[in-house]
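Notes for the one structure printed next.
In mature numbering (1 follows the signal peptide of the UniProt record, and there is no 0), the protein residues as written are -27 to -1, 1 to 477.
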């Protein structure tokens, strides 16, 4: 093929792509949104409400919803990603709750994590630990946690005196060398790792205790177990501004699936976005809703390279890994009934298949168990075969229930969020030393490149409602620039002694 012919073909393809983009165009600037998870879809909805309807959403995977994703497991749809509406029945309304409970009426179940927990902590050699002794451990942990909340409230908002949750525990003469006994470790894991997906030695006290989700929206959590999937929330939001088919699935040319973005070129006049299949798109602005893990990888190349302050902010946050492993059995051998839904395995190895949930109510007669692992255990498990993981789990279960005839699991489902190049983890965590200044930088635009995602939610990172609200917040920043010519993003100085404006 002659060079001129090749150039003509490329131009023709480019024009075709742009034509399809413009087909659904409305008034206002053109915006490309990278990612069709709840943040990207939420941002698109807010832009549309403001009259910016010339949007194109490029999604790397074959589905809408991002880390809100159901998967069929032996005939039952289970949630491999987000599963709970966390933060309900407080003074303020969690914006996700009415969509789930009233609008879509998704099947959901109150999760009573703690009332009966002390009765359900299993020993490595079988049977349960003494309830009274376990309850003492739980009560002491909560007593220290309450002290931590008071201490956190006294720390300067600049974050300069922040500490890890573990440091706070030590200040309270609680497990000065870290949790060491199996019961201490599994209770500590339940309270902190199960929430943040990283241990107390990593997690920031100031940004983790108390949890603003509970403070603002309430302490209750509801487990979504609907065959339509928790992702229905994202489809519902998308349907507010994108065309859908009779089944409620998005059927709009402004949403393109299987379009993995690998390059974003930006200048003062606009942006060019390229995907791995060779497609090229141009717009006035781009909103990047890829996960923090993706931003920390080399999947998307920015040209020019993002400024150092932005790169540093991206790398200062953690992308944690939270793995929900589902197992199917030919018959039930574990206890069921009131107070039996959640149970713990107190191993001498912290985080080793410790957090269990049974589904007598949510998935009747399914004979499915869920065990959750995080952090280093998640990464280890992702690198071994499912058969090896199943063998480890069966050994644990037979240790927990030595008097039962425990059959082999017939099926296992092991999500691999960390290994998936389109996610690189499950959700973000605020580590020690990261404060409002770095958060503002993480959220801040760079020229015509805007950023959103649960990791940019100051108070609710890691949560579904955090992703939803961050989409709205980031869209507002773009709207202010595009429609009001307010194109400077204000970042207060690290110690509040100086200010900085990140000009666009």
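Ideal Cβ placement from N, Cα and C applies to all residues, glycine included.
Beta-carbon spacing of residue i, residue j below 9 Å
i: residue 319; j: residue 53; result: no
i: residue 210; j: residue 227; result: no
i: residue 438; j: residue 68; result: yes
i: residue 434; j: residue 396; result: no
i: residue 294; j: residue 365; result: no
i: residue 101; j: residue 141; result: no
i: residue 176; j: residue 131; result: no
i: residue 229; j: residue 29; result: yes
i: residue 359; j: residue 387; result: yes
i: residue 452; j: residue 178; result: no
i: residue 191; j: residue 22; result: no
Where the alpha helix (DSSP H) containing residue i begins and where it ends
i: residue 415; result: 409 to 416
i: residue 123; result: 104 to 127
i: residue 243; result: Note, residue 243: premise wrong, no alpha helix (DSSP H); beta strand (DSSP E) at 243 to 248.
i: residue 288; result: 281 to 289
i: residue 189; result: 185 to 190
i: residue 372; result: 359 to 373
i: residue 156; result: 155 to 161
Unbroken beta strand (DSSP E) run spanning residue i, endpoints
i: residue 65; result: Segment: none, residue 65 is in no beta strand (DSSP E) and carries neither H nor E.
i: residue 328; result: 328 to 331
i: residue 194; result: 193 to 197
i: residue 274; result: 274 to 276
Three-state class that DSSP yields for residue i in the structure shown
i: residue 336; result: coil
i: residue 237; result: strand
i: residue -3; result: Only weak support is given to the placement of residue -3: the predicted model assigns it a pLDDT of 43, under 50, and the question is left unresolved by the model.
i: residue 469; result: In this predicted model, residue 469 has a pLDDT of only 45, less than 50, meaning its place in the structure is not dependable; the value taken from the coordinates is given anyway. Coil at residue 469, not helix or strand.
i: residue 216; result: coil
i: residue 458; result: coil
i: residue 256; result: strand
i: residue 13; result: helix
i: residue 438; result: helix
i: residue 47; result: coil
i: residue 420; result: coil
i: residue 85; result: coil
i: residue 204; result: coil
i: residue 433; result: coil
i: residue 325; result: coil
i: residue 309; result: coil
i: residue 180; result: helix
i: residue 21; result: helix
Cβ-Cβ separation, residue j to residue i (assumed contact under 8 Å), whole Å
i: residue 316; j: residue 195; result: Actually they are not in contact, since the Cβ atoms of residue 316 and residue 195 sit about 20 Å apart, beyond 8 Å.
i: residue 299; j: residue 377; result: Contact flag wrong, Cβ pair sits at about 20 Å.
i: residue 20; j: residue 4; result: 6 Å
The region 148 to 168 / the region 318 to 334 touching (three or more Cβ pairs under 8 Å): yes
Sufficient close CB pairs (3 or more, under 8 Å) joining the region 419 to 432 to the region 263 to 280: yes
Three or more C-beta pairs below 8 Å linking the region 12 to 25 and the region 341 to 356: no
Stretch-stretch touch, CB-based, cutoff 8 Å, three pairs: the region 253 to 264 with the region 436 to 454: yes
At least 3 beta-carbon pairs within less than 8 Å: the region 282 to 291 vs the region 331 to 346: no
Cβ contact check for the region 288 to 295 and the region 30 to 37: 3 or more pairs under 8 Å: no
Stretch pair the region 181 to 198 + the region 54 to 61: three plus CB contacts closer than 8 Å: yes
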